[in-house]
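Working notes, structure below.
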Amino acid sequence: MSRVYNFSAGPSCLPEEVLKECAAEMLDCNGTGQSVMEMSHRSKAFEPIIKDAEAMVRKLMKVPENYKVLFLQGGGSTQFAMVAQNLGIHTGKAAYIQTGVWAKKAAAEARHLGVQVDVVASSEDKGYSYIPKVEKIEGDYDYAYICLNNTIMGTHYEYLPDTGKIPLVADISSCVLSEPLDVSKFGLLFAGAQKNLAPAGVTLVIIREDLICELDKCRAGTPTMLCYKTHADGESMYNTPPCYTIYVLGKVLKWIEANGGAEGMLKRNKEKADLLYNYLDSNDGNFYHATAQKGSRSLMNVPFLTKYAGAENEKEINDKFVKEAAAAGLVNLKGHRLVGGMRASIYNAMSLDGVKALIDFMKKFAKEN
Ligand SMILES: *Cc1c(COP(=O)(O)O)cnc(C)c1O
Numbered sequence: 038m039s040r041v042y043n044f045s046a047g048p049s050c051l052p053e054e055v056l057k058e059c060a061a062e063m064l065d066c067n068g069t070g071q072s073v074m075e076m077s078h079r080s081k082a083f084e085p086i087i088k089d090a091e092a093m094v095r096k097l098m099k100v101p102e103n104y105k106v107l108f109l110q111g112g113g114s115t116q117f118a119m120v121a122q123n124l125g126i127h128t129g130k131a132a133y134i135q136t137g138v139w140a141k142k143a144a145a146e147a148r149h150l151g152v153q154v155d156v157v158a159s160s161e162d163k164g165y166s167y168i169p170k171v172e173k174i175e176g177d178y179d180y181a182y183i184c185l186n187n188t189i190m191g192t193h194y195e196y197l198p199d200t201g202k203i204p205l206v207a208d209i210s211s212c213v214l215s216e217p218l219d220v221s222k223f224g225l226l227f228a229g230a231q232k233n234l235a236p237a238g239v240t241l242v243i244i245r246e247d248l249i250c251e252l253d254k255c256r257a258g259t260p261t262m263l264c265y266k267t268h269a270d271g272e273s274m275y276n277t278p279p280c281y282t283i284y285v286l287g288k289v290l291k292w293i294e295a296n297g298g299a300e301g302m303l304k305r306n307k308e309k310a311d312l313l314y315n316y317l318d319s320n321d322g323n324f325y326h327a328t329a330q331k332g333s334r335s336l337m338n339v340p341f342l343t344k345y346a347g348a349e350n351e352k353e354i355n356d357k358f359v360k361e362a363a364a365a366g367l368v369n370l371k372g373h374r375l376v377g378g379m380r381a382s383i384y385n386a387m388s389l390d391g392v393k394a395l396i397d398f399m400k401k402f403a404k405e406n
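Going by my numbering, 117 is the number at position 80 of the sequence shown; the sequence numbering is gapless.
Next up, the structure:
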């Protein structure tokens, strides 16, 4: 069977070169006679794998010296809790900008853990189709929180709010290394790896060292495993890390480096997204339209509706689109139920050819329907 173009929002496609390397090393990695899946995480064979992965994160994201790079588990969703428990500890107040499902979940988790959450801006009024402009966040907040790329709504910040001395925390799960990012502007960044970096199972956390506190300074009841210091002190090996996922992550980072690093990814991603949005906004766009507003559009996730949106046969047309696309080798295009329609996730590993194939299919489908 030939490979398909996979537009899944996550877990999502990985570079084919990386998959081939992993396959070649499956039974014997680096002459050890073992698969990485079988290695002790404390072994001489595994040590360079995790060290190299960290070094590559530092290099590609230009991580300043005073930040720790951690490989954790529990996905982006566990970070919703860890952020609140480890950072919401002085005034117990935090500012959240609500731009969609993931930002809302993060705020709800902080509230659940007793943090006083102020939603300083929200785009809920227009179905989260844009990013509200927040010039400045001021107040006695322990941290300010944003979701930089909104995977479900297909929106992305084109600016960063000025938070002064308040540490800015960002969920970058669906845009990590899709573009250059100035790490020094943030107190903490996190990303579940399964969108842009690796298979599911590892969460990348980049945290400024002064924000790492002792377990007994975290919010009451914080488990040892949810304290950043535990993992910083243990160099991401306090307990067994997701070894194989970290190994694949290292390979994906080398692939990103070979393709121009963060700058190269931005160029590649802009080219793909421009092509798709230009088509959606074009005259054929009488058939389709993008749901995210201009000025807030994600380069990674592109939700779109057809002219049948709101009509009685909308579901039928959407189902037909998804089914016929899959038959043409374009899979996982079903939209999220909150937005409806379709969504094309075009992460780093998606090729320009994949996007061109999608547009060709869309043109044909528009003509026939
Ligand atoms: C996918 C996603 C999450 C949730 O990640 P899990 O690893 O499934 O917990 C959180 N935030 C964003 C922006 C996401 O895209």
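Idealized CB from N, CA, C, for every residue including glycine.
List the DSSP bridge partners of residue i.
i      : result
Ala257 : Partner(s): none; Ala257 has no beta bridge.
Tyr178 : Note: Tyr178 sits in no beta bridge, so no partner.
Asp208 : Cys184 and Phe227
Gly302 : It is Met, not Gly, that sits at residue 302 in the sequence shown. Met302 pairs with nothing; no bridge assigned.
Arg380 : Pro340
Arg334 : Thr192
Ala132 : Asp155 and Ala181
Ile244 : Lys105 and Leu225
Lys173 : Asp199
Tyr42  : Leu367
Ala327 : Phe341
Relative to ligand 1, is the shortest distance from any of its heavy atoms to the C-beta of residue i smaller than 8 angstroms?
i     : result
Cys59 : no
Would you kindly work out how many angstroms separate the C-alpha atoms of residue i and residue j, rounded to a whole number?
i      : j      : result
Leu234 : Ala90  : 11 angstroms
Glu58  : Asn187 : 31 angstroms
Thr128 : Ile168 : 27 angstroms
Ala257 : Asp155 : 21 angstroms
Lys309 : Ile383 : 8 angstroms
Phe44  : Phe358 : 14 angstroms
Ala25  : His268 : Summary: the structure shown does not reach residue 25, with the chain confined to residues 38 through 406, and so no result is reported for it.
Leu335 : Leu185 : Note on residue identity: the sequence assigns Ser, not Leu, to residue 335. So the alpha carbons of these two residues sit roughly 9 angstroms apart.
Val171 : Lys222 : 16 angstroms
Asp247 : Tyr133 : 21 angstroms
Met63  : Gln71  : 8 angstroms
Gly164 : Glu195 : 19 angstroms
Tyr345 : Phe117 : 37 angstroms
Tyr104 : Pro198 : 21 angstroms
Ala295 : Gly347 : 45 angstroms
Ala145 : Pro278 : 28 angstroms
Lys331 : Thr136 : 15 angstroms
Asn338 : Ala364 : 22 angstroms
Glu161 : Tyr178 : 23 angstroms
Phe108 : Leu214 : 16 angstroms
Met98  : Lys288 : 15 angstroms
Leu241 : Ala228 : 5 angstroms
Leu225 : Ala403 : 44 angstroms
Gln110 : Ser319 : 43 angstroms
Lys400 : Val94  : 39 angstroms
Met74  : Val55  : 16 angstroms
Tyr42  : Val152 : 43 angstroms
Gly113 : Glu353 : 33 angstroms
Arg79  : Lys173 : 46 angstroms
Cys50  : Lys371 : 16 angstroms
Ala230 : Asp208 : 12 angstroms
Lys96  : Glu300 : 13 angstroms
Tyr281 : Ala237 : 10 angstroms
Tyr265 : Ser211 : 22 angstroms
Check whether the Cβ of residue i sits closer than 8 angstroms to any heavy atom of ligand 3, and report yes or no.
i      : result
Ala145 : Ligands in the displayed structure: ligand 1; ligand 3 is not one of them.
Are any of the Cβ atoms in chain B nearer than 9 angstroms to that of residue i?
i      : result
Met302 : In summary, chain B is missing from the structure at hand, where a single protein chain is found.
Check your reading: residues with Cβ closer than 5 angstroms to ligand 1 heavy atoms: Gly112, Gly113, Ser114, Trp139, Thr188, Asp208, Ser210, Ser211 and Gly229
Completely contained alpha helix (DSSP H) runs for the stretch 347-377, where each covers 4 or more residues: 351-364
Note down, one range per segment and in chain order, each alpha helix (DSSP H) of at least 4 residues found wholly within the stretch 95-129. 112-124
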